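Down below is the structure, laid out as structure tokens.
Number of protein chains: 2
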Amino acid sequence: ALFPSLVDELLAALPADLPAPTKDWMRGLFEYTVPGGKMNRGLTVGAALASLLGRPLAAEEQLKAHVLGWCIEWLQAFFLVADDIMDESLTRRGQPCWHRRPEVGVIGVNDSFVLETSVYTLLRKFFRADPIYTDLVDLFHSVTLSTACGQLMDLTTQPKGAIELERFTMQRYKLIVKYKTAFYSFYLPLACALYLGSLFSGNPELTAPAALEFTSAISVQMGEFFQIQDDVLDVYGDPVVIGKVGTDIQEGKCTWLVVKTLEAASAEQRAVLQQNLGKSDLDSVARVKKVYADLRLQEKFQQYEEESGQAISQAIRGTEVLPQAIFADLFAKIYKRKL
Amino acid sequence: ALFPSLVDELLAALPADLPAPTKDWMRGLFEYTVPGGKMNRGLTVGAALASLLGRPLAAEEQLKAHVLGWCIEWLQAFFLVADDIMDESLTRRGQPCWHRRPEVGVIGVNDSFVLETSVYTLLRKFFRADPIYTDLVDLFHSVTLSTACGQLMDLTTQPKGAIELERFTMQRYKLIVKYKTAFYSFYLPLACALYLGSLFSGNPELTAPAALEFTSAISVQMGEFFQIQDDVLDVYGDPVVIGKVGTDIQEGKCTWLVVKTLEAASAEQRAVLQQNLGKSDLDSVARVKKVYADLRLQEKFQQYEEESGQAISQAIRGTEVLPQAIFADLFAKIYKRKL
Ligand SMILES: [Mg+2]
Ligand SMILES: [Mg+2]
Ligand SMILES: [Mg+2]
Ligand SMILES: [Mg+2]
Ligand SMILES: [Mg+2]
Ligand SMILES: [Mg+2]
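Protein chains in written order, with this note's numbering: chain U, 1 to 339; chain V, 1001 to 1339.
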């Protein structure tokens, strides 16, 4: 398996005079925070590359695709460790958040930097001699900046403690999702595949501006679609399938369901949201869900999923700058997903 | 002045659809956290470059040196914002820490990422077309990793609340200073000057492994010297000159003074430290200072400053791989400093 060997590479790349407990801490950090997700983002790189090259991957192609996949997972661990500290979250992927381990706490902030810089150590290790090295580094930086912008918008939309519903508009919701989620979840793995594709095929068209711009635009569409599904699954998904019980209502998150409610709610329904969103007791949660049901939000979502699914498929069929399969295959994996 | 135009460049480089309040937030962040330090690190780049080239700088040389100087100041702002959150510090450079502004709080974690990624936006903007671009990016990454390692050692030496004096050894102290301070404060500006020197003179020897390794080794020596001065000035410096009243004793920091005390202390003196370090009342502070005085730490420091100063000067005179002036000039600025 690749993950343990990447951890070994990262520890071996550290200065020789770092004390063993410091290196052990980092190993623990990596093993606790990096694996354990669905790995969608990481796995997309290899699948899209094979699709771009139109053949199964040779060993080196496979290795480099998987390394970039793990770089994305490391970057995500950086975002999630920091996000959980800022949100004061308790659990992540079915275990206590990293910062809630008794020896960690606020050291988790610095640990998030260690996770982030590890991305660049891995890129240097595996790609320094390749002509795409600088583009890859720039790509990871620009996606990190986008994600930090999304977080900033998210964090400043919802002031601590107070829920101000007038801030929850569809426009703002979409902007936050675009920056906070879509770039690193969809654009980053696809762009990694395009750079690898150009490296291994020698075809520079794969990373020409038109190709990257189309990939960015379709990634934003898919990212939005994915997050709206995520919000709906949090309330209506099967906890057995998803592996967790949703808590977005209790946390007062600005979800698609809240935004859709506000678009159609009566004054009373709006008041129910205002009074019950962000509270943890069962009655409050039930009152919010009652409003969602009265407004037929599940039906509205099914309608959205159909319409948006068709729009995305049509956008994919409309491009000639890149093989449509890399987008269609990825979208097929998330359309009507239950997990 | 360059700083305002760099802020404008950074904001102009952001995506066009980011809301104005998000961009305003970033402007406020940059203006509050980046300027206002002594700028030693940033100013070193231009001084060392002029010394390397042996002539006054042309306009473009000056501009690029100053941009790298500001990149170092931006990187330092990233470290300091995060450090103040982790240390729960109250003030920095004579004003409340950024995270203590009422609208900021834990959002400061994400703001530190914004500061960090800004470094790479500036590098891309000013150096993307230069042959040293990739080396510069790698340099900033490797220094960031070193600093994060130093922070990790520092944060795990001193468990929250409890002061465990047996952890405060000279060996550990030096290791923490090396990683947490020396690389970004001394190696980074000097290495930036070397890369610019190679760019403008065409002399690749300036960044040959032997040159960078000597620069790294002498930077570690100077960084250690600088931090020991810093620790001593915190207790014995003139608050009017320094612009602040030291609080290292109150914060229970692992300083050179504590380590030297432990090397020579009687059992009673050690007990005084154990009981009074990390407490804020005047009596506790006075008891710690009494132990320092009884052990003649000011004298010991003067002896250290002489000896270490001679060792550093000798190391500088011993090198032939680089012009000695770039190190000697920098060291002259800190030797026997009062600020
Ligand atoms: Mg969160
Ligand atoms: Mg969050
Ligand atoms: Mg969710
Ligand atoms: Mg501090
Ligand atoms: Mg600290
Ligand atoms: Mg100090």
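Every residue gets a Cβ at the ideal spot worked out from N, C-alpha and C, and that includes glycine. From a predicted model like this one, the values you see are computed outputs, not experimental measurements.
Close-in-space but distant-in-sequence residues of the same chain around Ile-242 of chain U (CB under 7 angstroms, 5 per side omitted)
Leu-233, Leu-339
Whole-angstrom distance between Gln-1062 of chain V and Gly-1197 of chain V, CA atom to CA atom
12 angstroms
Contacting positions in the stretch 1021-1036 of chain V - beta carbon closer than 8 angstroms to chain U:
Pro-1021, Thr-1022, Trp-1025, Met-1026
Quick one: what's got a C-beta closer than 7 angstroms to Tyr-1236 of chain V's C-beta in the same chain, skipping five residues either side?
Gln-1298
According to DSSP, Lys-96 of chain U sits in a beta bridge with which residue or residues?
According to the sequence shown, residue 96 of chain U is Pro rather than Lys. Answer is U:Thr-91, bridged to Pro-96 of chain U.
I'd like the list of long-range same chain contacts for Gly-108 of chain U, defined as Cβ closer than 6 angstroms, with 5 residues on each side in sequence excluded.
Val-81, Ile-85, Trp-98, His-99
Select from U:Leu-10, U:Glu-224, U:Leu-57, U:Val-67 the residue whose C-alpha is nearest the C-alpha of Lys-23 of chain U.
U:Leu-10
Using a threshold of 7 angstroms, state whether the C-beta atoms of Gly-246 of chain U and Ile-163 of chain U are closer than that.
no
What does Leu-49 of chain U touch in chain V if you count any residue whose Cβ is under 7 angstroms from its own?
Chain V residues near Leu-49 of chain U: none, gap ~24 angstroms exceeds 7 angstroms.
Among V:Arg-1337, V:Gln-1324, V:Ile-1334, V:Tyr-1335, whose alpha-carbon lies nearest the alpha-carbon of Ala-1050 of chain V?
V:Gln-1324
Partners in chain U for His-1141 of chain V, counting only beta-carbon separations shorter than 7 angstroms
Thr-117, Tyr-120
Under 6 angstroms: does the beta carbon of Asp-1230 of chain V sit that close to some heavy atom of ligand 4?
no
Name the chain V residues that come within less than 7 angstroms of Val-109 of chain U, Cβ to Cβ?
Ala-1082, Ile-1085, Met-1086, Val-1109
Under 6 angstroms: does the beta carbon of Asp-1111 of chain V sit that close to some heavy atom of ligand 2?
no
Distance, Gly-150 of chain U Cα to Ala-191 of chain U Cα:
19 angstroms
Going by the C-beta, is Asp-1248 of chain V closer than 6 angstroms to any heavy atom of ligand 5?
no
Could you spell out the range, first to last residue, of the alpha helix (DSSP H) harbouring Asp-1248 of chain V?
1248-1251
Could you list which residues in chain U have their beta carbon closer than 9 angstroms to that of Cys-1149 of chain V, in chain order?
Leu-14, Pro-15, Leu-18, Thr-22, Met-26, Val-114
Within chain V, the residues that Thr-134 of chain U reaches when beta carbons sit closer than 9 angstroms
Arg-1128, Tyr-1133, Thr-1134, Val-1137
Using a C-beta to C-beta distance shorter than 9 angstroms, which residues of chain U count as neighbours of Val-1106 of chain V?
Ile-85, Met-86, Asp-87, Glu-88, Leu-155, Lys-160
Closer than 8 angstroms by beta-carbon distance: list the chain C residues that pair up with Leu-152 of chain U, in chain order.
The structure shown contains no chain C; the protein chains it does contain are U and V.
4-residue-minimum alpha helix (DSSP H) runs that sit fully inside the stretch 1265-1294 of chain V, ordered along the chain
1267-1276, 1282-1294
Which value, in whole angstroms, describes the spacing of the CA atoms of Ala-210 of chain U and Val-321 of chain U?
7 angstroms
Alpha helix (DSSP H) containing Arg-1124 of chain V: first to last residue?
1107-1127
Return the residue from the list U:Ile-132, U:Leu-206, U:Val-291, U:Leu-115 that minimises the CA-CA distance to Trp-74 of chain U.
U:Leu-115
Please find out if some non-hydrogen atom of ligand 3 comes closer than 6 angstroms to the beta-carbon of Asp-24 of chain U.
no
DSSP state of Asp-1238 of chain V, grouped into three classes?
coil
For Asp-234 of chain U, verify whether its CB is less than 6 angstroms away from any heavy atom of ligand 3.
yes
Checking contacts by CB at 7 angstroms: is Thr-1144 of chain V closer than that to chain U?
yes
If you drop the 5 nearest sequence neighbours on each side, which residues of the same chain put their C-beta closer than 7 angstroms to that of Ser-1112 of chain V?
Phe-1078, Val-1081, Ala-1082
Heavy atom of ligand 5 less than 6 angstroms from the Cβ of Asp-1084 of chain V, yes or no?
no
I'd like to know if the stretch 302-318 of chain U and the stretch 1029-1038 of chain V are in contact, where contact means that at least 3 CB-CB pairs between them fall below 8 angstroms.
no
What are the boundary residues of the alpha helix (DSSP H) that Tyr-1311 of chain V is part of?
Correcting the residue type first, residue 1311 of chain V is Ala in the shown sequence and not Tyr. 1297-1317 is the span of the alpha helix (DSSP H), which, as asked, contains Ala-1311 of chain V.
Proximal chain V residues relative to Arg-124 of chain U, where beta-carbon distance stays under 9 angstroms:
Asp-1138, His-1141, Ser-1142
Tell me where the alpha helix (DSSP H) around Asp-84 of chain U begins and ends.
59-86
Leaving out the 5 sequence neighbours to the left and right, which residues in its chain are closer than 6 angstroms to Leu-135 of chain U when beta-carbon positions are compared?
Sequence inspection shows Asp at residue 135 of chain U; the Leu mentioned does not correspond to that position. Contacts found: Tyr-195.
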